[in-house]
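For reference, the structure discussed in these notes is given below.
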Amino acid sequence: MNDPDSVRSRRLVDAIQDGELRDLLADTEPDDDDVTIGAVRRAVASIDATVETERNRLQQVFTRANVTTATIRRDPLPRPLVIVRADVDPGDVDRAVAAAEAIGYRRLAPTGAGPWRAYRRLHGGCVLVDVDRDERRLELSWGSPLLARGVLARLMVPTSGDLEAVSLPERWWFGYIGVHLARLPMRLWQRRSEPRYLGPYLVTPSTLVAPLLRCADIRAGELLVDLGCGDGRILVEAAEIGCRAIGVETDADLVERARAAADRAGVTSRVQVVHGDATTADIGDADVVVMFLPVDTLRDLLPAVLDRMRPGARLVVHEQERLTVPVAPDHSVAICSSDGVTVAHRWDR
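Mapping of the sequence shown onto numbering that gives the first Met the number 0: residues 0 to 348, in sequence order.
See the structure below:
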């Protein structure tokens, strides 16, 4: 790994984690000969251009769809994910969703008439992702959900599983509150055997995979385990450099996508994708473990994952937010690609 203790590297890591990367670049001379700073500057410019193009495209689409109240904002941070946020009037939600879906976005929410109306009334927003480019996300919000007040009210909000369990007519959308309460004992029982939900699917941009693998110092013949492997892109790239790779994923659809990706790349002999629980997966033989999960999930999982790793193994995660984890990483270094900037953290066992 690059020297994470250098002053410049530490400043860069801190700037990314504190949301002050643009300020740091503004305070650095454009002709600065530091290779990393120059690469980050180019990556930020590329990310900004991509996000601005997508923001303008969505603005035009919403205007044509008469979603006149839409306020579309770019994410203030140069994230490796292309995130655009849109605030719409509750009366414009359906038009906004239909307009986004018409240009290739899909909502990570129920699509049936009854379930969707219940979701729309009981939640304050939803996420849509580009069908062809998972890195592109539209975060749509439309105000406070109906049951936002108080812990008890929030406990009554149906989950995605509740909304998918039965199909109610649109006019009976409120019945999903009853479905939620009726399924609660069963859901509590099933939690004993079901894989733990680790949070929403977060994509590592393809251009960041190689730098992350370099941070792990992974070598041909070693075993990599990806906890929450998503569509398998890290597994495939590791296999292409001669590693064995095992991915563990709770989402059955993503498991199939990961297996298909390995098949397309011709690396199925070196890639195994398991539909299972990342919190209990066998990682005792892994040389490298990777995770890209929400910060809260990382904080909960990290001690147990480190305890299950063998001596000499390395754990690598990447995250732009500052980590508040029980065990500090041994190394933290800024990495970037043509369209991504993040911080890689490594723990050495």
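Using N, Cα and C, we set each Cβ at its ideal position, and we do this for glycine too.
Residues bridged to residue i [DSSP beta-bridge criterion]
{"i": "Thr278", "result": "DSSP output for Thr278 lists no bridge partner at all."}
{"i": "Leu137", "result": "Val83 and Leu127"}
{"i": "Val224", "result": "Ile245 and Val288"}
{"i": "Cys335", "result": "Val340"}
{"i": "Gln271", "result": "Ile245"}
Helix, strand or coil at residue i according to DSSP, with G and I counted as helix
{"i": "Trp346", "result": "strand"}
{"i": "Arg106", "result": "strand"}
{"i": "Arg321", "result": "coil"}
{"i": "Asp262", "result": "helix"}
{"i": "Arg94", "result": "helix"}
{"i": "His179", "result": "helix"}
{"i": "Leu314", "result": "strand"}
{"i": "Gly229", "result": "coil"}
{"i": "Val156", "result": "coil"}
{"i": "Pro3", "result": "Since pLDDT at Pro3 reaches only 42, below the 50 mark, its modelled position is unreliable, and no value is offered."}
{"i": "Ala219", "result": "coil"}
{"i": "Leu167", "result": "coil"}
Where the alpha helix (DSSP H) through residue i begins and ends
{"i": "Thr206", "result": "Ser205 to Cys214"}
{"i": "Val66", "result": "First-last for Val66: undefined, no H or E at that position."}
{"i": "Thr296", "result": "Val294 to Arg307"}
{"i": "Trp115", "result": "Ala112 to Leu121"}
{"i": "Val326", "result": "Unbroken run through Val326: none, as it is neither H nor E."}
{"i": "Glu28", "result": "Per DSSP, Glu28 belongs to no alpha helix (DSSP H) and is neither H nor E."}
Residue i, buried or exposed, once every other Cβ within 10 Å from all chains shown has been counted against 16
{"i": "Ser331", "result": "buried"}
{"i": "Trp171", "result": "exposed"}
{"i": "Leu11", "result": "buried"}
{"i": "Glu51", "result": "exposed"}
{"i": "Asp230", "result": "buried"}
{"i": "Val130", "result": "exposed"}
{"i": "Ala181", "result": "exposed"}
{"i": "Val340", "result": "buried"}
{"i": "Ser337", "result": "exposed"}
{"i": "Gln59", "result": "exposed"}
{"i": "Ser8", "result": "buried"}
{"i": "Asp225", "result": "buried"}
{"i": "Ala42", "result": "buried"}
{"i": "Gly241", "result": "exposed"}
{"i": "Val326", "result": "exposed"}
{"i": "Glu221", "result": "buried"}
{"i": "Asp246", "result": "It should be pointed out that residue 246 corresponds to Gly in this sequence rather than to Asp. Buried, because 16 or more other Cβ atoms sit within 10 Å of the Cβ of Gly246."}
{"i": "Ala333", "result": "buried"}
{"i": "Thr323", "result": "exposed"}
{"i": "Pro184", "result": "exposed"}
{"i": "Ser227", "result": "Inspection of the sequence shows that residue 227 is occupied by Gly rather than by Ser. Classification of Gly227: buried, given that the 10 Å Cβ count is 16 or more."}
{"i": "Asp22", "result": "exposed"}
{"i": "Val56", "result": "What sits at residue 56 in the sequence shown is Arg, not Val. Label assigned to Arg56: exposed."}
Residue range of the beta strand (DSSP E) that includes residue i
{"i": "Ile71", "result": "Thr70 to Arg73"}
Is there contact between the segment 291 to 300 and the segment 262 to 272, where contact requires at least three CB pairs shorter than 8 angstroms? Verdict: no, contact absent.
message = For the pair the segment 99 to 112 and the segment 129 to 140, tell me if three or more CB-CB distances fall below 8 angstroms.
response = yes
- Message: Pairs of beta-carbons, one from the segment 305 to 312 and one from the segment 249 to 256, closer than 8 angstroms: are there three or more?
- Response: no
Quiz item: Is it a yes or a no for the segment 202 to 220 touching the segment 275 to 282, going by three-plus beta-carbon pairs under 8 angstroms?
Solution: no
**Study point:** Inter-stretch contact at 8 angstroms, needing at least 3 Cβ pairs: the segment 155 to 170 / the segment 112 to 119
**Key:** yes
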